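Chemist: Chains as they are written, first to last, in the working numbering: chain D, 273 to 618; chain U, 980 to 1179. Dumping the structure here so I can ask a few things about it.
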């Protein structure tokens, strides 16, 4: 062989193996015996440091990278860099939406909303996406990610209506996006938040239709959450996911069908069903994590897409309030299936 | 390098003086890094997004997995001992340690078979939820790597009985060892990221 292997004596190997074993036991002990003075964040940091230590020991001594040609280290590092890069990109791609939705959900807590309605000047947090670095926030706002913003505005609003006279809300129309948006919008102005930072409201305003509901939001929710199973054309997947085109008008017009549609989105459905003469047996997950406004918007979207609206004798858009009411009933998916079986379908 | 290898690989065609098998193994390991990086990334992306159980905290067993992790680490230790023995032409020891690597690898696989069958009994299958899909894909891919490693070790062991082996063959054992250690470090990452962090 071309080179000597320094430090490769059996004694050194044994020592490394011993260290590796001890580290593994420490990792196990940290989790198993719940070290009291380590909080969650420091526990994770400790675990990561320990496993990186093991990783480096094996690579450096067992794989001999420490004393071997640097070309090997170079190739391996390239692989590692690509792996970590893929990893970071994946993490960012998927966490931004979930971070903003988690924040939007926390906005619904009564305590916070109450505070903001008693002190209108403290309503500023509504315009910031907490937990997201500033530069990312800017890109979210500029690159058409209007949904999280809209979500935040919409979810915060119903509680404000109930609690605050300072935020008067027009409730005479069914339109829930435009008519209710201006009060918060005005608060934004008072806080010195520039009007340009709230593109979601403007977009919604433009897409408001004569039917009185937000088609833009509904379309976004559909393509983001529903189209994977029910397909872009609303045809579903034979045997697993029932079609929405042509099928929904039948459900909607049945007695109790309107409530069923709201419930199936909130609580999901599992079990064998029939739709348009075909059997289906799949899983409809519960979508309770979506806002009331999003659920209403996507229902109105699917009820009016694919010529569905032409099959309806009359159509009154599903209201945010109906979703809120249904949300308080807390059904199980089995109860939703019972609701469906109870429908008088042709 | 043996005489034959020198004759068939003229020096002026080469851009590095590094032995081909070893260089190729390191390049393969670099690509395998990306493979496992993507699988682990996918697991984390779908973490906590399963709608139905069983969830990770319901099924993952830290004590058992700690033992199997330790077994795999020690197989890496036996691997370097085997290589050291072959380099010093200690063939009986080389055979013993090589068999030890294959044996410890098989024990690890045994733990994985036990784990997988327990999970299936508890209702976690590949199709059950996002956790099942990403977990089985990741740890199953790792298990296939271990299986290939065990077969490789056994084939080297058999070769040592078919024809005489000496320190001149150390390169081929070293390349197999690199693969084996890589499979070990992937498990170091999986053990921390998938198993331990779940219970923090």
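Ideal Cβ positions, reconstructed from N, Cα and C, are used throughout, including at glycine. None of these values were measured; they are calculated from a predicted model.
Counting Cβ pairs, one atom from each stretch, are 3 or more of them under 8 Å apart for the stretch 1125 to 1144 of chain U and the stretch 1022 to 1035 of chain U?
Modeler: no
Chemist: The stretch 1047 to 1079 of chain U: which residues have C-beta closer than 8 Å to a C-beta of chain D, in chain order?
Modeler: 1048, 1049, 1052, 1053, 1055, 1056, 1058, 1059, 1060, 1063 and 1066
Chemist: In this structure, how does DSSP classify residue 355(D) when only helix, strand and coil are distinguished?
Modeler: helix
Chemist: What residues from the stretch 309 to 335 of chain D come within 7 Å of chain U, judged by C-beta to C-beta, listed N to C?
Modeler: Cβ contacts with chain U come from 312, 315, 316, 319, 320, 323, 326, 327, 330, 331, 334 and 335.
Chemist: May I ask you to list the residues that DSSP assigns as paired with residue 552(D)?
Modeler: 545(D)
Chemist: Pick out the complete alpha helix (DSSP H) segments inside the stretch 312 to 361 of chain D, 4 residues or longer, and give them in chain order.
Modeler: 312 to 329
Chemist: I need the DSSP call for residue 590(D), collapsed to helix, strand or coil.
Modeler: coil
Chemist: Return the CA-CA distance between residue 299(D) and residue 322(D), expressed in angstroms with no decimal places.
Modeler: 7 Å
Chemist: Mind listing which residues of the stretch 482 to 497 of chain D have their C-beta closer than 9 Å to chain U's C-betas, in chain order?
Modeler: none
Chemist: Listed in chain order, which residues of the stretch 553 to 577 of chain D have Cβ atoms closer than 8 Å to some Cβ of chain U?
Modeler: 555, 557 and 558
Chemist: For residue 1058(U), tell me which candidate among 294(D), 325(D) and 282(D) has the shortest Cα-Cα distance.
Modeler: 282(D)
Chemist: Give me the Cβ distance between residue 920(U) and residue 1013(U), rounded to the nearest whole Å; I'm assuming they're in contact under 8 Å.
Modeler: This structure does not reach residue 920(U), given that chain U is present from 980 up to 1179, and the question cannot be answered.
Chemist: Can you tell me whether residue 1154(U) is buried or exposed, with buried defined as 16 or more other CB within 10 angstroms of its CB?
Modeler: buried
Chemist: I'd like to know whether the C-beta atoms of residue 295(D) and residue 315(D) end up nearer to each other than 8 Å.
Modeler: no
Chemist: Going along chain U in order, which residues have a C-beta closer than 7 Å to the C-beta of residue 499(D)?
Modeler: By Cβ distance, chain U contributes nothing, its closest Cβ being about 18 Å from residue 499(D), past 7 Å.
Chemist: Taking beta-carbon pairs under 8 Å, can you tell me which members of the stretch 1017 to 1041 of chain U lie near chain D?
Modeler: 1017, 1019, 1020, 1021, 1023, 1024, 1030, 1031 and 1041
Chemist: In whole angstroms, what is the alpha-carbon distance linking residue 584(D) and residue 1179(U)?
Modeler: 53 Å
Chemist: Any C-beta of chain D sitting closer than 8 Å to the C-beta of residue 1135(U)?
Modeler: no
Chemist: Between residue 1089(U) and residue 1128(U), which are expected to be in contact by the criterion C-beta below 8 Å, what is the C-beta distance as a whole number of angstroms?
Modeler: The beta-carbon separation of residue 1089(U) and residue 1128(U), rounded to 15 Å, does not stay under the 8 Å limit for a contact.
Chemist: Residue 443(D) to residue 1096(U), Cα distance in whole Å?
Modeler: With a pLDDT of 39 at residue 443(D), under the threshold of 50, the predicted position of this residue should be treated as unreliable, and no value is reported.
Chemist: Considering only residues of the same chain and omitting the five flanking positions on each side of residue 333(D), which have a CB-CB separation below 6 Å?
Modeler: 288
Chemist: Please list, in chain order, the chain U residues whose beta carbon lies closer than 9 Å to that of residue 588(D).
Modeler: Neighbours of residue 588(D) on chain U: none; closest Cβ ~31 Å, over 9 Å.
Chemist: With a cut-off of 8 Å, does the C-beta of residue 300(D) fall near any C-beta of chain U?
Modeler: yes
Chemist: By how many angstroms is the C-alpha of residue 490(D) removed from the C-alpha of residue 421(D)?
Modeler: Reliability of the predicted coordinates at residue 421(D) is poor, the pLDDT of 41 falling under 50, and no value is obtained from them.
Chemist: Just mark residue 485(D) as buried or exposed, buried being the case when its beta carbon has 16 or more other beta carbons within 10 Å.
Modeler: buried
Chemist: Residue ranges of each alpha helix (DSSP H) run of no fewer than 4 residues wholly in the stretch 1116 to 1160 of chain U, ordered along the chain?
Modeler: none
Chemist: Measuring only the C-alpha atoms, how far is residue 460(D) from residue 357(D)?
Modeler: Unreliable placement is indicated for residue 460(D), whose pLDDT of 38 sits below 50; the coordinate value is still reported in the next sentence. The alpha-carbon atoms of residue 460(D) and residue 357(D) are separated by roughly 38 Å.
Chemist: Going by CA-CA distance only, name the one from 609(D), 513(D), 521(D) and 551(D) that's closest to residue 576(D).
Modeler: 521(D)
Chemist: Taking beta-carbon pairs under 7 Å, can you tell me which members of the stretch 333 to 356 of chain D lie near chain U?
Modeler: The stretch 333 to 356 of chain D vs chain U, Cβ under 7 Å: 334, 335, 341, 343, 344, 347, 348, 350, 351, 352, 354, 355 and 356.
Chemist: Could you give the distance in angstroms between the alpha-carbon of residue 1015(U) and the alpha-carbon of residue 345(D)?
Modeler: 18 Å
Chemist: Which residues in the same chain have their Cβ closer than 8 Å to the Cβ of residue 528(D), if we skip the five residues on either side of it in sequence?
Modeler: 611, 614 and 615
Chemist: When the Cα atoms are used, what is the spatial distance from residue 434(D) to residue 597(D)?
Modeler: With a pLDDT of 35 at residue 434(D), under the threshold of 50, the modelled position of that residue is not reliable, and the figure given next carries that caveat. Distance between the alpha carbons of residue 434(D) and residue 597(D): 15 Å.
Chemist: Between the Cα of residue 1163(U) and the Cα atoms of 1043(U), 1011(U) and 1033(U), which residue gives the shortest distance?
Modeler: 1011(U)
Chemist: Run through DSSP, which three-state label would residue 616(D) get?
Modeler: coil
Chemist: How is residue 579(D) classed by DSSP in three states: helix, strand or coil?
Modeler: coil
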